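Number of protein chains: 2
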Amino acid sequence: MNYLNENGSGSVNDLVDITNSSTATVRRDLTHLESKGFLKRFHGGATVDQMEQEEDYSEKSVKNLSKKLKIAQKAAELIEDGDTIFIDAGTTTYEMMPFIKASNITVVTNSITLIDQLVRNGHNTHVLGGKVKPSTKAVVGHDVIEKLKTLSFDKCFVGVNAIDIHHGYTTPDEDEAYIKRTAVEQARRAFVLADSSKFERSAFVKFAGVEEAVIITENENHPFLEKIDDRTTIIGGGVSDLYSDI
Amino acid sequence: MNYLNENGSGSVNDLVDITNSSTATVRRDLTHLESKGFLKRFHGGATVDQMEQEEDYSEKSVKNLSKKLKIAQKAAELIEDGDTIFIDAGTTTYEMMPFIKASNITVVTNSITLIDQLVRNGHNTHVLGGKVKPSTKAVVGHDVIEKLKTLSFDKCFVGVNAIDIHHGYTTPDEDEAYIKRTAVEQARRAFVLADSSKFERSAFVKFAGVEEAVIITENENHPFLEKIDDRTTIIGGGVSDLYSDI
DNA sequence: TTATATATGATTGACTTTGATTGAATTGGG
DNA sequence: CCCAATTCAATCAAAGTCAATCATATATAA
Chain A
9 MNYLNENGSG SVNDLVDITN SSTATVRRDL THLESKGFLK RFHGGATVDQ
59 MEQEEDYSEK SVKNLSKKLK IAQKAAELIE DGDTIFIDAG TTTYEMMPFI
109 KASNITVVTN SITLIDQLVR NGHNTHVLGG KVKPSTKAVV GHDVIEKLKT
159 LSFDKCFVGV NAIDIHHGYT TPDEDEAYIK RTAVEQARRA FVLADSSKFE
209 RSAFVKFAGV EEAVIITENE NHPFLEKIDD RTTIIGGGVS DLYSDI
Chain D
9 MNYLNENGSG SVNDLVDITN SSTATVRRDL THLESKGFLK RFHGGATVDQ
59 MEQEEDYSEK SVKNLSKKLK IAQKAAELIE DGDTIFIDAG TTTYEMMPFI
109 KASNITVVTN SITLIDQLVR NGHNTHVLGG KVKPSTKAVV GHDVIEKLKT
159 LSFDKCFVGV NAIDIHHGYT TPDEDEAYIK RTAVEQARRA FVLADSSKFE
209 RSAFVKFAGV EEAVIITENE NHPFLEKIDD RTTIIGGGVS DLYSDI
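Taken in sequence, the protein lines are chains A and D. Each residue of the first sequence is one higher than the one before, counting from 9 in the numbering used here. Each residue of the second sequence is one higher than the one before, counting from 9 in the numbering used here.
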């Protein structure tokens, strides 16, 4: 990581020389570090994301243990080659970026922040038009909804503020709730990214009922999930296993 | 890509020499990069479709930067309190940002790059929706045009690649030309930002005739301006004086 | 100490990238 | 309008790179 941070990238052979270890070990470590989001592999070597290049390794280690990244990674793994997806504006959805492995995907978003990352990673990116909300740099407004209604997605990924059996998925901002609602409606399969602190709470505006989307969370054993688990709405630890049943 | 971004374009043979690889590999890579939207191929080489031709790297000194800044500053000073304006994607228009002093303005743009600055400076910002072009992070496509047609602006500011009496304002990219054309049509007053190196040249697609917009440039004594000066189309040194006559 | 888990490095066959060659397509000068 | 030169995409074999497997070595825990 020191070498990569200094040079931006390096070949497998470079790293073999530097670390006095075998190609097998280097490859294994690269695979592992990539899964944690520290670097991005390419055929023959690996790079670090230039934007985060400065960031301290240990600092990110701590960050990486966070629930948010786990959830983001699980979400990103659900994206398949050729998918057309909607990604909502939000901090958790933002963390999905480095984990998206699928190719040939089309991504629609209302988040200005996400676009940089999407474009840099070579994804076909579309932005919804409208007023830019200064606080979150999310695009909101009537036009967003109107445009969304003309689109359909294989999957959609939205953040959420609170989940409750009776109130469903809720969020405090009305504009953003409408967008989430419409996105969920237009997607064949909707995913809500939520860490367990969001469970059994509710916010101002409901955008969908609990059964209308799959919850992606970090702790599949949370008591709240038992109440709503009808075998199809939770993705916990083993992502692919559970998802294959859906 | 580094080479193309610095030089605007390059032949396959140039790229073979630079990368120490075969023509087959260069061609393959060009095909791939074009499919991702990072460049545009032509017979014998490729270009990055920049909004405005980047000048020679050696020449791109303080002097030329200040040209751009002078133009940007003049343009920014034309914006008045309460205006609703369109700002085109482009490097010169980007430089306007720090000079915008007016308050209570509404800015519409198709440039993802501009949004950050606009929002940070507290302007009411709207983005046009559509496909994001990777090379320039400009939003393009049919939706952009359709939406533009429903709006009207007090003023619009667009970049240009070349200006010529017969061909008017021209730019190499067709998609972006349509956007500029529509923006100019929808504005009560249109301004084209162009340093004098753009004069008496022409690019592929015309988006307006010389008389349809006011040229903002750094050198009001350039011979080309005499040919087209009908007392209303040039803003040179004393910005406010000339503009007050319009 | 033993047993249990984890990390390493060599080997393998599969996959990817590369560059030379070919014949087709494009270009510009006569 | 044709011809020669150049550029092109397609093909193929060689080189390079990959993940998976296995046996060995090292660390950790009881």
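Beta carbons are placed, not taken as given, at the ideal position from N, Cα and C, and that holds for glycine. Here the structure is a predicted model, which is why all the values come from computation and not from measurement.
Cross-strand partners of residue 134/D (DSSP beta bridge): For residue 134/D, which the question treats as bridged, DSSP gives the partners 139/A, 116/D.
Assigned exposure category for residue 185/D - 16 Cβ within 10 Å defines buried: buried
Where residue 135/A meets chain D, residues with beta-carbon distance less than 9 Å: 120, 135, 136, 137, 138, 139, 140, 147
Nearest-angstrom beta carbon gap, residue 167/D and residue 96/D [assumed within contact, 8 Å]: 6 Å
Contact with chain A by residue 127/D, beta-carbon distance below 7 Å: Closer than 7 Å to the CB of residue 127/D there is at least one CB belonging to chain A.
Completely contained alpha helix (DSSP H) runs for the region 144-195 of chain A, where each covers 4 or more residues: Inside the region 144-195 of chain A, DSSP marks whole alpha helix (DSSP H) runs of 4 or more residues at positions 150-157, 182-194, from first to last along the chain.
Three-state secondary structure assigned by DSSP to residue 48/D: strand
Buried/exposed call for residue 207/A, threshold 16 Cβ in 10 Å: Residue 207/A counts as buried, since no fewer than 16 other beta carbons sit within 10 angstroms of its beta carbon.
Contact set between the region 225-236 of chain A and chain D, restricted to residues whose Cβ is under 8 Å from the partner: none
Residue 130/A at chain D interface by Cβ criterion, 7 Å: yes
Chain-ordered chain D contacts of residue 123/A [CB-CB under 8 Å]: At a beta-carbon threshold of 8 Å, the residues of chain D lying near residue 123/A are 120, 140, 145, ordered along the chain.
DSSP beta-bridge partners of residue 95/A: 117/A, 165/A
Proximity below 7 Å, CB of residue 136/A to CB of residue 147/A: yes
Whole alpha helix (DSSP H) elements within the region 23-47 of chain A, 4-residue minimum: Residue ranges of uninterrupted alpha helix (DSSP H) with 4 or more members, entirely inside the region 23-47 of chain A and ordered along the chain, are 31-43.
For residue 11/A and residue 27/A, the rounded distance between their alpha carbons: 10 Å
Within chain A, partners of residue 155/D - CB distance below 8 Å: 137, 151
Nearest-angstrom Cβ-Cβ length linking residue 216/D and residue 179/D, presumed shorter than 8 Å: With 8 Å as the limit, residue 216/D and residue 179/D do not qualify as a contact, their Cβ atoms being about 10 Å apart.
Limits of the unbroken alpha helix (DSSP H) element including residue 80/A: 75-85 is the extent of the alpha helix (DSSP H) around residue 80/A.
Span of the alpha helix (DSSP H) around residue 235/D: 231-236
Reference residue 134/D; option with closest CA among 122/D, 142/D, 41/D, 13/D: 122/D
Test item: CB-CB of residue 227/D and residue 204/D under 7 Å: Cβ distance < 7 Å, so residue 227/D and residue 204/D count as in contact.
7 Å Cβ cutoff, residue 188/D in contact with chain A: no
Host beta strand (DSSP E) of residue 207/A (start-end): Premise fails: residue 207/A is in no beta strand (DSSP E) and is neither H nor E.
Sequence-distant residues of the same chain with beta carbon closer than 8 Å to residue 150/A, five excluded per side: 138
Contact with chain A by residue 63/D, beta-carbon distance below 7 Å: With a pLDDT of only 43 at residue 63/D, under 50, the local geometry of the prediction cannot be trusted, and the value read off the model is given with reservation. Any Cβ of chain A closer than 7 Å to the Cβ of residue 63/D would place that residue at the interface, and such an atom is absent.
Exposure label - residue 119/D; buried when at least 16 CB within 10 Å: buried
Chain A residues whose Cβ lies nearer than 8 Å to that of residue 44/D: Counting only Cβ-Cβ distances below 8 Å, residue 44/D has contacts in chain A at 130, in chain order.
Alpha-carbon to alpha-carbon, residue 154/D and residue 156/A: The straight-line gap from Cα to Cα measures roughly 16 Å.
Endpoints, the alpha helix (DSSP H) within which residue 10/A is located: Element bounds for residue 10/A: 10-15.
Which listed residue (231/D, 221/D, 31/D) has its alpha carbon closest to that of residue 176/D: 221/D
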